[in-house]
Amino acid sequence: MKSALLTEKNPAPDTRHGMILYMENVSVSFDGFKALNDLNLYIKKGELRCLIGANGAGKTTLMDVITGKTRPDTGTVSYGQQINLLQHNEEQIARLGIGRKFQKPTVFEALSVKENLYLSLKMDKGIWTSLWHALSAEQRDDIDQILHTIGLLAMQHCQASELSHGQKQWLEIGMLLAAKPQLLLVDEPVAGMTVSEAERTAELLTSLAGEHSVVVVEHDMGFVRSIARTVTVLHQGSVLAEGTMDAIQSHPEVKKVYLGEEGHD
Amino acid sequence: EEDTIKVGVLHSLTGTMAISETTLKDTVLMMVEEQNKQGGLLGKKLEAVVVDPASNWPLFAEKARELIVQEKVDVIFGGWTSVSRKSVLPVVEELNGLLFYPVQYEGEESSKNVFYTGAAPNQQAIPAVDYLMNDIGAERWVLLGTDYVYPRTTNKILEAYLKANGVSDEDIMIQYTPFGHSDWQNIVSDVKKFGSSGKKTAVVSTINGDANVPFYKELGNQGISAEDIPVVAFSVGEEELSGFDTAPLVGHLAAWNYFQSIYTDANNAFIDKWKAFIGDENRVTNDPMEATYIGFTMWAAAVEQTGSTDVNTVSDALIGMAVPNLTGGIAVMNPNHHLSKPVFIGEIQDDGQVEVVWETPGTVRGDAWSDFLPSSKNLMSDWTAPMLCGSYDVEAGTCTGSK
Amino acid sequence: MFKPVLALFFVIIHLSIFQPAYAQDVVFDDIVKALPKASFRTLPATLDKAATLDDERVATLFARLLEGDVYFHPKNQQVMYVTKIQGERVWIDTLTEQNIAQPSGVRLRKVRVNNRVRSHIRQLLAQRNLSHRDVTVRLQASQSLLADVDSISTKVISSRLEQEKNADIIDVLTTITALKQLQNDDETAQLGALETLRGSLYPEVRVALLSLQRNSEVTDTVKANVDAALAGIEAKRKWFGWAETAFFGISMGSVLLLAAIGLSITFGVMGVINMAHGEMIMLGAYTTYVIQQAFPNLIEYSLLMAVPAAFLVSGLMGVLIERSVIQFLKGRPLETLLATFGISLILQQLVRTVFSPLNRQVASPEWMSGSWQINPVFSVTFNRLYIIIFSLAVFFSLLLFLKKSSLGLHVRAVAQNRDMARALSVKSNWVDAATFGLGSGIAGVAGVVLSQLTNVGPNLGQAYIIDSFLVVVFGGVANLWGTLVSAMTLGVLNKFLEPVTGPVLATIIVLVGLVLFIQKRPMGLFPQKGRAE
Amino acid sequence: MLVMAVYVVLANQLFSPESFFYVSSYSVNLLGKYLCYALLALALDLVWGYCGILSLGHGAFFALGGYAMGMYLMRQIGDRGVYGNPDLPDFMVFLNWESLPWFWVGSDSFFWVIAMVILAPGILAYVFGAMAFRSRVSGVYLSIMTQAMTYALMLAFFRNEMGFGGNNGMTDFKDILGFSLQSDTTRLVLFIITVCVLAAAYYVCDRIVSSKAGKVITAIRDAENRVRFVGYNSASYKVFLFTFSAVLAGIAGALYVPQVGIINPGEFSPINSIEIVIWVAIGGRGTLYGAIIGAIVVSFAKTRLTGIMPEAWLFALGGLFVLVTLLLPKGLVGLIDHRFPVKRKVNKQESAS
Amino acid sequence: MINVSQLNQRYGGSQILWDLNMDIAAGSRTCIMGRNGVGKTTLLKCLMGMLPAASGSITINQQDVTRASIESRANIGVGYVPQGRHIFGQLTVEENLKVSLNCKRQTSRSLPEDIFEYFPVLKEMLQRRGGDLSGGQQQQLAIARALVLNPNMLILDEPNEGIQPNIVQLIRDVLLRLNKEKGMTIVLVEQKLPFARAVGEQFYLMERGKVVSHGAMPELNDDLVKQYLSV
Ligand SMILES: Nc1ncnc2c1ncn2[C@@H]1O[C@H](COP(=O)(O)OP(=O)(O)OP(=O)(O)O)[C@@H](O)[C@H]1O
Ligand SMILES: Nc1ncnc2c1ncn2[C@@H]1O[C@H](COP(=O)(O)OP(=O)(O)OP(=O)(O)O)[C@@H](O)[C@H]1O
Ligand SMILES: CC(C)C[C@H](N)C(=O)O
Ligand SMILES: [Mg+2]
Ligand SMILES: [Mg+2]
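Protein chains in written order, with the numbering used here: chain A, 645 to 909; chain B, 3 to 405; chain C, 11 to 543; chain D, 84 to 436; chain E, 2 to 232.
Okay, structure coming up:
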């Protein structure tokens, strides 16, 4: 109780070996169906990694495992070298600095755009602090900055339920920014965005990399190409291929199960 | 408005107790109408003020207050459950109101402002056990009750009484159930086993209200007839029976101070009046109705006699007041605010009526404080001068509690 | 139980009407003359005398006394039977057994009998009926003799035994003989009797053995044998005790199931927090009452008629409620709680106004009464048995209906996403009305059954609403199988706890257990699985 | 606004008895009772309206607070009970209890009672909430479990062995802190205390819901999972809110008992708890003053209707419930907002539970 | 086939669609485009009757359906694939598909075989709960579900959102086939130009709730794209 009500000290991940996330031999099955199958994945600190793979390959499930939503049947997941994520629940993992944008945009519908960001700010999340908390000037600036970035400045007092699908996508990205996580998991950020909006997102994500580590799941190959350095292809719950975009695009198996014609262009 | 005498009626018309209490409301209305036909009281018409406390105990207190303070009624007829009475009690004592309570109850109470016209335990439970013991020859006893004060107290008294009469512990089985208990399979089966020991077994039931129907149905279905194991009930009267399929009940017993089947002119007239008033040939009368009748008649007589509706005056006049029972004989209001009444034991018939099979030779004086409970055996109540005390400790010679 | 006896006496009445008077008439006359003056205490002796007469009219008299049909004229003391034959009231003179005119101008007085007299008469009848030609009457007679073996002589029994073919009766009679033998002081006789009685489940046997066990005069061998016999009996009794409790549990479970099953549709599937569910049950019960009032001669069939009628009444009421209120609350499930609570108040008061606040009397048909005596310590009451069967039947037909008809699929689709379902051409209005009607209708059917178990009054619904919600939620909302399992679990648990803790604590323990259990399974016994979104 | 109205009532109390403005002590008493209900409704609205926890067992906390106060009042009777036993309450005497059971120890101290009023419902709510919210029981499952809880408590308190007076509960209180409960002044003071407590509670609740924690709570109502992924321990927020609300309910119960003069297990009955929900829904869920208005309006309607139309008032009340749901989806405050569009945050997505 | 004239729509206080006009011929393939939040989904919902029109009129197949119910539009033969898919999460794939059977439009009791031909994955997943499917699988299910209704017009709201490239191609092919083989009218909301170009014959561009430009697909030049589709 104490830890929940009062401030919780969150340890930083140990990234001395350059890796921020280790997933080893992870398997997840649902009613006998293997969504993840003995998967191994390592994410470097500051890296921008694209994750592609057929629908149902297990990308979202993988994010579920990292963020504590789904417990794997076997395998280990560790954040930095020392933090075993499997021992933490969703909120603890979030506090450890892993942020996530969901495939289906989920925002707090009854709150205003601004309040959505306010709640997401990186700060002590204990109830005691929350009861007495008032925004500092610095935080105010932060929020304004983010509102500007996501193009919702004009709508900041609107209730989030009034946003269109694409606007919710943006808002969710904004919430991610507000949380200043070390590791960002972004599930299909540009779904439902126009080409140029996608471009802006690409810029945003690239600018985040370096300081943060980013894992992006996307089916829009144009988008992936524009941001990707390393691409990992998932297939039937395990890694099928990993490498640069070009290497992947000419990978015959990947072409067959995923890219289709796109591989040819 | 000023020249009516107001009679408050405080019976639940909705909620769980409406089943029982609505009838009493109608009884009071009938009595009021009757009285008005005869010219009212002291030259004024009576006016009934009906409110609905909705089977909600705090609401009883609120409504009692409303009746006395807002409506300025001169007397209240009301209550069924003891808890409703307990809720109203402080209010009538504070505001010096007058309450007639018409239902049998567990005793252990006597208030200056309340007149108890229902039976005390010694006017129902004890005679019933006497009958079972002496006439039926019961040797083993099952005391079944709903888990609350009335059954608990009654059973405590009975247990003490039975033991005093040489019944051993192992021959007494006590079981309590929640209100509205509807699944009696286990208990009835246990009773059956308890009763198959070769000794004559009887059940004394203080099961309350709605739980009775499923209980008797289960008895019938498990094949326990009144001849094997008779059940005597204190809360099952004609009105309750009118909602039963009486086939499985025939021969089981009820103990009351009144039965509709008792053939007297007064009772016949009362029954006719009631049926006409309510407009239903099939409606029945029951003990609490008689208690209401007696209470009302006594009050009217006291008002008439003293020429006043003042609570103190009327209360004083009520003590010693004698009114003919509907079943013959005379009911007398004792100084302890309880009545002297005859006690009848009857067997239930298949038409829902109860045939008297035994009755006390004379009237029994209602005892506010049971002689069989250690806490109250020294207590007595007397609201006449010089004692003027609801609980007088005879041994210590002091008046405890309410004065 | 004494139905066959009665039937036979009707035959006798008719036969005897034209029969010439017997020579002993004087004696029977005396007995009849004594009746008006008899008290509860003197009556048994008078009847004992009557029993010794070889007069057919005695049997009639006994039967009539049992029924409480014997009256006398207060003035001239004429004793007569007042009874109904084919719905008509008739007056029959006791001596001549001829119909007579209704005595005018007086209120007849009753020859009162009480329980004691009645059981005395039954005992007397049993002795007479031991050689009755109807097997059931004979069996019953012999069984009632068990309770009082002293009232009959060994000779009569053994002569009866020689002629008897029926195995059950033989069993009872040998038991009686053995019980009589036990009373002998002769060791061999006792041992022989014990041999016969070993394993017998008649409570009378157990009582006899127990008293023998306490008897200090018997020999050690006998004592050892008694102990062994008793141990065997106790073991059997225990076993049947468990069986009985299990039956009680299942039967309670099936009542819960029946009460909850309608709710598992309106609440579980449709998501309407239907506080008026109890009142739908109540309407069903009142429908039974109305049917019985409308067809007083068809009580035996009343339930069969009431089931469809109650389904219609409650179902239509459900449709009405859905159309007039609930349909406007789409997407506001919590508001349905408020509205349906209002409706439930209105319905309760409506019933109070229409039918009065008193309980209504609903009769049980003959076939629902009594019990199926499997052995002397284990019997199964018919009403419970039928209810178990019926509730399972309702459950499975509903399951089948929802599976086979498109309604089942449509309801679930509408419940999950109304607009999308409509975009797929589902008539959501119709589906809502039909489903709510179906759920309510089934509640009505439950009401028919409950009318056989409990009060039919304005509060009937209130008594079941909480249990119903508990059952549905415990099982896992929207899962019919869950409702079944949860109802049965709660029933059985309750019944096994009850003997140990008493009913009040049992209920409390079950409730607390439920609260704790939900911590382990936050979505009930059978949760809806899948990705939470 | 409400506080204003109450002040008027108080001032009027000081008017001459025959004056038009005079408010009888009967009405003051009644109003005091309504305000206790209002406080209870406020407590429920906090968890239901703002956090989506539909508690069908808030009556239990109310009753526990009431019982704690009842125990104290019972002890205050001292030897003025019918049996004149200075230590034991009457119901214990006549059930042959030898001495006070352990849980009655300290009940004669007013401060202990204040502590119990807070602790009894608080601890129950904390234990219940901590278990349920940590194992993520939510929605109807939670609602029905709260109902089971109050139902079980009702059965338990009905039992005479529990030592709380069984079905009859506790009545016939004489005085509180030495002041006679029968006197009008004591009543008035109790009323004033109720007003103050309600005002204070309103203020605190308002602070909570408009704080950042309030936003988190609203977010939990609409998307609890998402809240977790942002890093909030939603369970502890819920436990906090639930416990706080239970304590408020307990205080309401404690204020209620001396004003109505009886506490018995009927207060635990599930129907009572449902009624609280009704008040809040009628008034307007998710607005604090709505809950208060709802409680007062419904209770007032009940008082009047049971007097005016004793046989038909259920039709009226039931009809009111139906009509309000159909015509005023936001409850009575919807009506007010409609008439006087005050600047107020609209909560559109209220259907989530 | 679809005629929209002077359509206005508002959510509470804020107006979303302004005097919108649109004409879609039977058997044509139309693509509606525009930035986030311009009102594309709102327009489609109005067409389907899920949102009431404030004023203006909608005619489908010469029937005025402005005030008609959702299901009556389905019965006319409008299939709808909503944005966000709206799969019945607790129903199995098979049940999802079967919802529209036994209704006025589709009285058959069994599923048409061709949907499995278009989307073979579904066949393998018939018994899985709709909510458990991955995004792309759900999208295929949503299209197939609309097809079971046997519509003569298909309205799709961003069907490619979150779909793997080869399935996007599959969907493109399916749509073209449906149009060609069955003469099905296709109305598509799409953000991605290549796909829009491949499927659409004509386009509508929306901005702030109004149609700002429309014409045949080849007329959609870079200027228009820049003006109305980029940020
Ligand atoms: N709770 C669950 N129960 C059963 N099956 C599940 C569950 N969650 C996921 N699956 C299955 O696991 C597989 C992987 O799903 P996942 O959502 O991770 O795919 P994905 O790679 O994110 O696909 P997409 O690109 O379409 O979003 C899918 O086949 C899906 O049906
Ligand atoms: N429920 C609502 N209440 C109020 N405003 C809403 C609501 N839903 C959508 N809006 C507003 O209506 C406008 C149009 O929304 P719509 O969903 O039609 O956009 P869209 O063109 O489909 O965008 P996208 O490409 O992001 O899906 C948006 O600005 C949005 O803010
Ligand atoms: C036995 C009951 C019908 C009445 C009784 N006075 C009670 O305590 O509630
Ligand atoms: Mg995915
Ligand atoms: Mg859209």
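Just so it is clear, CB atoms sit at the ideal spot from N, CA and C, and this is done for glycine as well. All values reported here derive from a predicted model rather than from experimental measurement.
Residues passing the C-beta test against ligand 3 heavy atoms, cut-off 5 Å: B:Thr83, B:Ser84, B:Val105, B:Tyr107, B:Tyr152 and B:Ser237
Identified DSSP bridge partners for Ala256 of chain B: B:Ala235 and B:Gly348
Validate contact between the region 299-315 of chain C and the region 281-291 of chain C using beta carbons, cut 8 Å, 3 pairs: no
Identity of the residue in B:Ser244, B:Pro337 and B:Ser342 nearest Asp352 of chain B by Cα: B:Ser244
The beta strand (DSSP E) enclosing Gly392 of chain B, as first and last residue numbers: Cys391 to Asp395
Secondary structure of Ser136 of chain D, DSSP reduced to three states: This sequence places Ile at residue 136 of chain D; Ser is not what is there. Note: Ile136 of chain D maps to coil in three-state DSSP.
Pairwise C-alpha distance: Leu105 of chain C and Ala33 of chain C: With a pLDDT of 44 at Ala33 of chain C, under the threshold of 50, the modelled position of this residue cannot be trusted, and the question is left open.
Minimum Cβ-Cβ distance from Ala306 of chain D to chain A less than 8 Å: yes
Check whether Pro344 of chain B and Asn259 of chain B have beta carbons under 8 Å apart: yes
Euclidean distance between Cα positions of Gly140 of chain D and Asp785 of chain A: 44 Å
Chain E residues whose Cβ lies nearer than 7 Å to that of Asp442 of chain C: Those within 7 Å of Asp442 of chain C in chain E number zero; the least Cβ separation is about 13 Å.
Lys530 of chain C burial status per 10 Å Cβ neighbour count (16 or more: buried): exposed
Those runs of the alpha helix (DSSP H) which lie wholly inside the region 262-297 of chain C and span at least 4 residues: none
Proximity of Arg304 of chain D and Glu735 of chain A at Cβ, strictly below 8 Å: no
Nearest to Phe365 of chain C (by Cα), restricted to the options C:Ser161, C:Tyr296, C:Ser334 and C:Ile180: C:Tyr296
Residue-level contact to chain G via CB, Phe120 of chain E, 8 Å cutoff: Included in the structure are the protein chains A, B, C, D and E, with no chain G among them.
Cβ distance (whole Å) where Arg117 of chain B is taken to contact Leu320 of chain B below 8 Å: In the sequence as presented, Arg is not what sits at residue 117 of chain B; that position holds Phe. About 6 Å; that satisfies the 8 Å criterion.
Within 8 Å of chain A by C-beta, residues of the region 4-17 of chain E in sequence order: Tyr12 and Ser15
Cβ-heavy atom distance, Thr445 of chain C to ligand 2, below 7 Å: no
Chain B contacts from the region 106-138 of chain C (Cβ-Cβ distance under 8 Å): Arg117, Lys120, Arg122, Asn124, Asn125, Arg126, Arg128, Ser129 and Arg132
Span of the beta strand (DSSP E), counted from its first residue to its last, around Pro509 of chain C: No beta strand (DSSP E) contains Pro509 of chain C, which is instead part of the alpha helix (DSSP H) from Leu490 to Thr511.
Cβ neighbours of Gly14 of chain E in the same chain (closer than 6 Å, five flanking residues each side left out): none
Local Cβ density within 10 Å of Gly661 of chain A, reported as buried at 16 or more and exposed below that: Inspection of the sequence shows that residue 661 of chain A is occupied by His rather than by Gly. Exposed, by the Cβ-count rule.
Beta-carbon proximity of Val111 of chain D to Tyr155 of chain D, cut-off 8 Å: no
Cβ of Val94 of chain E within 8 Å of any chain C Cβ: no
Per-residue burial, Gly568 of chain C [other beta carbons within 10 Å of its own, 16 or more giving buried]: Because chain C spans 11 through 543 in this model, residue 568 of chain C falls outside it and cannot be assessed.
Best match in B:Lys88, B:Val30, B:Met19 and B:Ala20 for proximity to Gly297 of chain B [C-alpha to C-alpha]: B:Val30
Outcome for Tyr286 of chain D when other beta-carbon atoms lying within 10 angstroms are tallied against a minimum of 16: exposed
Near-chain D residues of the region 497-518 of chain C - C-beta to any C-beta below 9 Å: Val514, Leu515, Thr517 and Ile518
Under 7 Å from the C-beta of Lys437 of chain C: neighbouring residues of chain E: Glu72
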